[in-house]
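Protein chains: 2
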Amino acid sequence: MSRKSKGLDAERELIHKFWKMGWAAIRCAGSGSIKYPVPDVLAGSSTRQIAIECKTNQATRQYFTKKEIFELKQFSEIFGSESWVAIKFPKKQWFFINPEDLDETENSYVISIEKAQIKGLLFEEMIS
Amino acid sequence: MSRKSKGLDAERELIHKFWKMGWAAIRCAGSGSIKYPVPDVLAGSSTRQIAIECKTNQATRQYFTKKEIFELKQFSEIFGSESWVAIKFPKKQWFFINPEDLDETENSYVISIEKAQIKGLLFEEMIS
Chain A
286 MSRKSKGLDA ERELIHKFWK MGWAAIRCAG SGSIKYPVPD VLAGSSTRQI
336 AIECKTNQAT RQYFTKKEIF ELKQFSEIFG SESWVAIKFP KKQWFFINPE
386 DLDETENSYV ISIEKAQIKG LLFEEMIS
Chain B
286 MSRKSKGLDA ERELIHKFWK MGWAAIRCAG SGSIKYPVPD VLAGSSTRQI
336 AIECKTNQAT RQYFTKKEIF ELKQFSEIFG SESWVAIKFP KKQWFFINPE
386 DLDETENSYV ISIEKAQIKG LLFEEMIS
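If you read the protein sequences in the order shown, they are chains A and B.
Start counting at 1 in the first sequence, then tack on 285, and there's your number in this note's numbering.
Start counting at 1 in the second sequence, then tack on 285, and there's your number in this note's numbering.
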């Protein structure tokens, strides 16, 4: 399976989880390819709306470009949503990370699987 | 141009208008083809989030299926958004209509161009 279709599958998996828990969630068309700062997924439950950048990962660290994180925060500020990154490491559950908890390097943001387990929220924690 | 690509163009046109006015807006992937009640467009401006069903029309009346309107309202109730239908009649501006202002028939909802002009809001009015 291509990296792109793995990413799509991951986004769809998250969307199913939201609807199953009584939230509404959609995949944003054109994320990563249009000129506006659009997240991968938007979810809401009447009083909370959240914008999510999703990643699946076969390694022990997850990198984000500075542009990805800047645009996620920019979208949320305009739209009125919370910003989260969601990461699926191999054989782990999804972790939801506040972008402020990512480590900044010269050219990117990064989080290790160890830090994700400490700082990240599980799906059920994030929506509660 | 196919009906589908005309619909896409219309959605993209609306999305540009929102961003131009300082709102964030996205096109929802899978609208009309996935199992969840997903609107065509979602837009937000920090305190308001709105879900939109978009139609372009070459006639003088616009029909909606009962399912379209039911799902638009259902999505908004769960997500926490307002529900609007946006209609573009030939040589007219976009009209934004509250779904409650559509006329119900046995099998559908409908609005005439005349009623859309009376009851509908222009883009600038709807976002203000």
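Using N, Cα and C, we set each Cβ at its ideal position, and we do this for glycine too.
Quiz item: If you draw a straight line from the alpha carbon of Ile-398 of chain A to that of Ala-371 of chain B, how long is it in whole angstroms?
Solution: Your numbering for residue 398 of chain A matches position 113 in the first sequence. Your numbering for residue 371 of chain B matches position 86 in the second sequence. Roughly 45 Å between the two C-alpha positions.
Quiz item: For Tyr-348 of chain B, which residues from the same chain have a beta carbon less than 8 Å from its beta carbon, with the 5 sequence-adjacent residues on both sides left out?
Solution: The sequence position of residue 348 of chain B within the second sequence is 63, counting from 1. Closer than 8 Å at the Cβ level, and outside the excluded window around Tyr-348 of chain B, lie Ser-393, Tyr-394, Val-395.
Exercise. Please list, in chain order, all residues of the same chain as Val-323 of chain A whose beta carbon is under 7 Å from its beta carbon, the five residues on each side excluded.
Key: Translated into positions along the first sequence, residue 323 of chain A becomes position 38. Closer than 7 Å at Cβ, skipping near neighbours: Cys-313, Gly-315, Ser-316, Phe-360.
Quiz prompt | Contact belief for Ile-363 of chain A with Trp-308 of chain B at Cβ below 8 Å, rounded distance in angstroms | solution = As a working mapping, residue 363 of chain A is identified with position 78 in the first sequence. As a working mapping, residue 308 of chain B is identified with position 23 in the second sequence. That pair is a contact at about 7 Å.
Exercise. Run the CB neighbour count on Glu-356 of chain B, radius 10 Å, all protein chains shown included, and call it buried at 16 or more, exposed below.
Key: Translated into the one-based positions of the second sequence, residue 356 of chain B becomes position 71. Glu-356 of chain B comes out buried.
Practice problem: Pull up the DSSP beta-bridge partners for Glu-367 of chain B, would you. | Solution: Walking along the second sequence from the start, residue 367 of chain B turns up at place 82. Paired residues: B:Ile-335.
Quiz item: Should Asp-325 of chain B go down as buried or exposed, given a rule of 16 or more other Cβ atoms within 10 Å for buried?
Solution: In the second sequence, residue 325 of chain B corresponds to position 40, counting from 1. Classification of Asp-325 of chain B: buried, given that the 10 Å Cβ count is 16 or more.
Exercise. Go to Ile-311 of chain B, then tell me how far its beta strand (DSSP E) extends in each direction, as first and last residue.
Key: Locating residue 311 of chain B in the second sequence gives position 26, where the first residue counts as 1. Its beta strand (DSSP E) spans residues 309-312.
Quiz item: Quick one: does Cys-313 of chain A have its CB under 8 Å from some CB of chain B?
Solution: Along the first sequence, one-based indexing puts residue 313 of chain A at 28. Yes - at least one Cβ of chain B is within 8 Å of the one on Cys-313 of chain A.
Self-check item: Option nearest Lys-373 of chain B by Cα separation, candidates B:Lys-352, B:Asp-388, B:Leu-406
Solution: Along the second sequence, one-based indexing puts residue 373 of chain B at 88. Of the candidates B:Lys-352, B:Asp-388, B:Leu-406, the one whose C-alpha sits nearest the C-alpha of Lys-373 of chain B is B:Leu-406.
Quiz item: So is Ala-344 of chain A buried or exposed if we call it buried at 16+ other beta carbons inside 10 Å?
Solution: For the purposes of this step, residue 344 of chain A is taken as the residue at position 59 of the first sequence. Counting Cβ neighbours within 10 Å, Ala-344 of chain A comes out exposed, since fewer than 16 surround it.
Exercise. Using a Cβ-Cβ cut-off of 8 Å, state whether Ala-309 of chain B counts as contacting chain A.
Key: For the purposes of this step, residue 309 of chain B is identified with residue 24 of the second sequence, where counting begins at 1. For Ala-309 of chain B, the answer is yes, since a Cβ of chain A falls inside 8 Å of its Cβ.
Self-check item: As assigned by DSSP and simplified to three states, the class of Phe-360 of chain A
Solution: As a working mapping, residue 360 of chain A is identified with position 75 in the first sequence. Note: Phe-360 of chain A maps to helix in three-state DSSP.
Practice problem: Starting from the C-beta of Ala-336 of chain A, find all residues in its chain whose C-beta is less than 8 Å away, skip the five residues before and the five after it, and write them out in chain order. | Solution: Counting from one through the first sequence, the residue named residue 336 of chain A turns up at place 51. If we look at Ala-336 of chain A and ignore the five residues flanking it on each side, its Cβ neighbours are Pro-324, Val-326, Leu-327, Leu-357, Phe-360, Ser-361, Phe-364, Ser-366, Glu-367, Ser-368, Trp-369.
Self-check item: Phe-408 of chain B: first and last residue of the uninterrupted alpha helix (DSSP H) it sits in
Solution: Within the second sequence, residue 408 of chain B is the residue found at index 123, counting from 1. Run containing Phe-408 of chain B: 408-411, per the alpha helix (DSSP H) assignment.
Quiz item: Can you round the beta-carbon distance between Met-306 of chain A and Ile-412 of chain A to whole angstroms, since I take them to be within the 8 Å contact cut?
Solution: Walking along the first sequence from the start, residue 306 of chain A turns up at place 21. Walking along the first sequence from the start, residue 412 of chain A turns up at place 127. Their Cβ separation, rounded to whole angstroms, is 6 Å, which keeps Met-306 of chain A and Ile-412 of chain A in contact under 8 Å.
Self-check item: Contact set between Gly-405 of chain A and chain B, taken where Cβ atoms lie within less than 9 Å
Solution: Locating residue 405 of chain A in the first sequence gives position 120, counting from the first residue. Result: empty, since nearest Cβ-Cβ is about 24 Å, beyond 9 Å.
Exercise. For Ala-328 of chain B, name the three-state secondary structure that DSSP assigns.
Key: Locating residue 328 of chain B in the second sequence gives position 43, counting from the first residue. Correct three-state label for Ala-328 of chain B: strand.
Self-check item: CB contact check: Ser-331 of chain A to chain B, cutoff 8 Å
Solution: In the first sequence, the residue the question calls residue 331 of chain A occupies position 46. Yes, Ser-331 of chain A counts as interfacial toward chain B.
Quiz prompt | Chain-ordered chain B contacts of Phe-408 of chain A [CB-CB under 7 Å] | solution = Position 123 of the first sequence, counted from the start, is the residue given in the question as residue 408 of chain A. Here the premise fails: no neighbours, minimum Cβ distance about 17 Å.
Quiz item: At a Cβ threshold of 8 Å, is Phe-360 of chain B touching chain A?
Solution: Taking the first residue of the second sequence as 1, we reach residue 360 of chain B at position 75. Yes, its Cβ sits closer than 8 Å to a Cβ of chain A.
Quiz item: CB-CB under 6 Å to Lys-340 of chain B, same chain, minus the five flanking residues each way: which ones, in chain order?
Solution: Working through the second sequence from its first residue, we reach residue 340 of chain B at position 55. So the qualifying residues of the chain are Gln-347, Ile-372.
Exercise. Could you name the residues of the same chain whose beta carbon sits closer than 8 Å to that of Ser-330 of chain A, not counting the 5 residues immediately before and after it, in chain order?
Key: The sequence position of residue 330 of chain A within the first sequence is 45, counting from 1. These residues qualify, in order along the chain: Gly-307, Trp-308, Ala-309, Ile-412.
Practice problem: Below 9 Å between beta carbons is the criterion; list the residues of the stretch 347-359 of chain B that meet it against any residue of chain A, in chain order. | Solution: Gln-359
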